[in-house]
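> This is the structure I want to talk about, given as structure tokens.
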Amino acid sequence: EPMSALNPSLSCGKQVSEILQHHLKLSFSEAKKDTLSLFEKVKLPLPHQMYNSYPHQISGGQMQRVMIAMAIACKPKLLIADEPTTALDVTVQKEIIQLLKELQKETGMSLIFISHDLSLVSEIADRVLVMYEGNIVEEGYVNSVFKHPKAKYTKALLASRPTLEMRLQKLPTIASLEDKSFVPKEITAQQRAFRHKKLYTKQPLLEVHNLSKEYYTNMGLFKPKRVVKAVNNVSFSVFEGETMGLVGESGCGKSTLGKTILQLERASAGKILYRGKDLTRLNSSEIRLIRKEIQFIFQDPYSSLNPRFSVGETLIEPMKVHGIGTSKKDRKEKAMQLLERVGLNEFYFSRYPHELSGGQRQRVGIARTIAMKPKLVICDESVSALDISVQAQVLNLLNELKENFGFTYIFISHDLAVVKFMADQLLVMKEGKIIELGDADEIYANPTKEYTRTLIDAIPKGR
């Protein structure tokens, strides 16, 4: 969790430099030079600017890369990498994996690579351990475990992965594979075309016209401010009941676009029409009323949960605010049902965020969002912290809610296999601009832009 692991009161460069100064006894100028070199190695854009930036001024993926730079700064003998590429887009992820492999060759470094991305594990690891409920259930060489799994749990994990080859109605979960209730059903091109014909005859639920969001960054005390166009003249429509997939490299403006739609960030220019009403012209009390209908699942589950609220209080509070439930007892029952739907049992009701794993916190965030029964949900890397089996359960749940309640999603993710499973339309962003927009299956099959092709080619395929 780079968002909570970095010191918010120190610049990113300072946090890496002080490690080099302390452990390698480098001078300030030598440490700065090495830090800038590390930032280039981990593919951070504008290294000098990143050196002076604070964690809150950069994206989640960029923070993750700062953490990787810190970890490899002293060329360790053993590196324990705990989900090191979770917040990274596929192209940077590929480059980071290559960097770790090069470091292993150069320094003989050993690597314990902890991840829920099975394809990625199969590409980097020599041997693999599979754990379930605190126990090792399978151990062996990668080719052996992935091609001939013995444990039921390993088989279920491998089967739960979304693939680019086919579009399933539902992903298999551990439970559905164990009780043998899962029957794979593919969504055909004809079924998709029929659904889309029905979907796109309606008026759009959300229309974004020429939307821009600019930030001003301070480069120094006597230097002029620099304008950063995080979102640059973006236009698209989202229809009720559809899922718009939003992909692109970290720092390309995906999260900023989502926050600007919800008016957590004020637009610099353009219109955001929700049911024909321009959100950019509403005052704060009018925005508050509409937020029950537009909800956001945040990328960082730790900082988006109140540490003083138990899980139960976290779910019940928005119900109270928006008048959901007839009594305290009714709201508690609803909260229990929500926990069950996201794969958490009743014991989590009285727990606090610090007692939960990253994936469990993310599920609480999802439960809090769906408690509102919103019309539009902006999912910002909402399943990136979840292991494959829980991810399958949550993705199935999101699709069930879309089917049953007409939910509409803007699904922001760097995992293109997950986006393929979820999306009707696909929107590809680069440097704040839309470079490709259209039917998801068509773009995956025949991308028209080189950048989109690079993203798709970088998806870990496994061995």
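Numbered per our numbering, the sequence shown spans residues 2 to 464.
Yeah, the Cβ is synthetic: ideal placement off N, Cα and C, and Gly gets one too.
(1) Using C-beta distances below 7 Å, list every residue in its chain close to Q170, excluding the 5 sequence neighbours before and after it, in chain order.
(2) In the DSSP assignment, find the beta strand (DSSP E) that holds H465 and state where it starts and stops.
(3) Determine, using beta carbons only, whether M71 and V17 come nearer to each other than 9 Å.
(4) Just to confirm, are L316 and V365 a CB contact at a threshold of 9 Å?
(5) Would you tell me roughly how many angstroms separate the C-alpha atoms of S385 and S30, rounded to the nearest one?
(6) Let's see if you can read the secondary structure: which residues bound the alpha helix (DSSP H) around C13?
(7) Mind reading off the beta-carbon distance from L402 to V343? Whole number of angstroms is fine, and I expect it under 8 Å.
(8) Hey, which unbroken runs of the beta strand (DSSP E) at 3 residues or more fall wholly within the stretch 281-332?
(9) Going by the beta-carbon positions, is the gap between E140 and V122 smaller than 9 Å?
(10) Go through the stretch 50-138 residue by residue and report every complete run of the beta strand (DSSP E) that reaches 3 residues or more, in order.
(11) Put M467 into one of helix, strand or coil per three-state DSSP.
(12) Just reading off the beta strand (DSSP E) that I413 is part of, what are its end residues?
(13) Could you give the first and the last residue of the continuous alpha helix (DSSP H) run that contains R196?
(14) Given this structure, state the Cα-to-Cα distance separating K42 from L21, to the nearest angstrom.
(15) Which residue's Cα is closest to the Cα of L438: A446, L428, Y445, N447?
(16) Please classify S390: does DSSP put it in a helix, a strand, or coil?
(17) Along the chain, which unbroken stretches of the beta strand (DSSP E) at least 3 residues long are found entirely within the stretch 243-286?
(18) Where does K434 sit, in a helix, a strand or coil, going by DSSP?
(19) Buried or exposed for T1, going by 16 or more other Cβ atoms inside 10 Å?
(20) At what residues does the alpha helix (DSSP H) containing F40 begin and finish?
(21) For A372, which of helix, strand or coil comes out of DSSP?
(22) Closest by CA to N405, which one among E243, V209, M167?
(23) Given a threshold of 16 other Cβ atoms within 10 Å of its Cβ, counted over all protein chains shown, does H24 qualify as buried or as exposed?
(24) Scan the stretch 138-171 and note each continuous alpha helix (DSSP H) run of 4 residues or more that stays entirely inside, going in chain order.
(25) Could you work out which residue in A32, T174, P308, Y142 is closest to Y154 when comparing CA atoms only?
(26) Our contact map puts A372 next to K95 with C-beta atoms below 8 Å; I'd like the distance itself, whole angstroms only.
(27) Output the distance between the C-alpha atoms of Q192 and V312, rounded to the nearest integer angstrom.
(28) When DSSP labels each residue in this structure, what does R352 get in the three-state scheme?
(29) Tell me the DSSP bridge mates of F240?
Walking through what the data contain:
(1) The residue you call residue 170 lines up with position 169 of the sequence shown. The answer, listed in chain order, is K186, I188.
(2) The structure shown has nothing for residue 465, since the chain only spans 2 to 464.
(3) Along the sequence shown, one-based indexing puts residue 71 at 70. Along the sequence shown, one-based indexing puts residue 17 at 16. Cβ atoms of M71 and V17: closer than 9 Å.
(4) By 1-based counting over the sequence shown, the position of residue 316 is 315. By 1-based counting over the sequence shown, the position of residue 365 is 364. Taking 9 Å as the Cβ cut-off, L316 and V365 qualify as a contacting pair.
(5) Start at 1 with the first residue of the sequence shown, and residue 385 comes out as number 384. Start at 1 with the first residue of the sequence shown, and residue 30 comes out as number 29. Their Cα atoms are separated by approximately 37 Å.
(6) Here the question's residue 13 lines up with position 12 in the sequence shown. Note, C13: alpha helix (DSSP H), 13-25.
(7) Here residue 402 is taken as the residue at index 401 of the sequence shown, counted from 1. Here residue 343 is taken as the residue at index 342 of the sequence shown, counted from 1. That pair is no contact at about 11 Å.
(8) 295-298
(9) Taking the sequence shown and counting its residues from 1, the one referred to as residue 140 is at position 139. Taking the sequence shown and counting its residues from 1, the one referred to as residue 122 is at position 121. No, the Cβ-Cβ distance between E140 and V122 is not below 9 Å.
(10) 79-83, 111-115, 128-133
(11) Residue numbering for the chain in the displayed model covers 2 to 464; residue 467 lies beyond these limits and cannot be assessed.
(12) Position 412 of the sequence shown, counted from the start, is the residue given in the question as residue 413. Here the beta strand (DSSP E) through I413 covers 409-413.
(13) On the sequence shown, position 195 is the one that residue 196 refers to. Looking at the DSSP string, the run of the alpha helix (DSSP H) that includes R196 is 190-200.
(14) Sequence index remark: in the sequence shown, residue 42 carries index 41 (1-based). Sequence index remark: in the sequence shown, residue 21 carries index 20 (1-based). Roughly 16 Å separates the two Cα atoms.
(15) Here residue 438 refers to the residue found at position 437 when the sequence shown is read from its first residue. It is L428.
(16) Here residue 390 refers to the residue found at position 389 of the sequence shown. Helix, per DSSP.
(17) 244-249, 270-275
(18) Position 433 of the sequence shown, counted from the start, is the residue given in the question as residue 434. Here K434 sits in strand by DSSP.
(19) The question about residue 1 has no answer, for the chain in this structure spans 2 to 464.
(20) In the sequence shown, counting from the first residue as 1, residue 40 sits at position 39. 29-42 is the span of the alpha helix (DSSP H), which, as asked, contains F40.
(21) In the sequence shown, counting from the first residue as 1, residue 372 sits at position 371. Correct three-state label for A372: coil.
(22) The count along the sequence shown starts at 1 and reaches residue 405 at position 404. Checked all of E243, V209, M167; the closest Cα to N405 is E243.
(23) Taking the first residue of the sequence shown as 1, we reach residue 24 at position 23. Burial call: exposed.
(24) 143-148, 153-160
(25) Here residue 154 refers to the residue found at position 153 of the sequence shown. For the residues A32, T174, P308, Y142, the minimum Cα distance to Y154 belongs to T174.
(26) As a working mapping, residue 372 is identified with position 371 in the sequence shown. As a working mapping, residue 95 is identified with position 94 in the sequence shown. A372 to K95, Cβ: 37 Å. No contact.
(27) If you number the sequence shown from 1, residue 192 lands on position 191. If you number the sequence shown from 1, residue 312 lands on position 311. Taking the straight line joining both Cα atoms gives about 40 Å.
(28) Counting from 1 along the sequence shown, the entry for residue 352 is found at position 351. The answer is coil: DSSP assigns R352 none of H, G, I, E or B.
(29) Mapped onto the sequence shown, residue 240 falls at position 239. Paired residues: P205.
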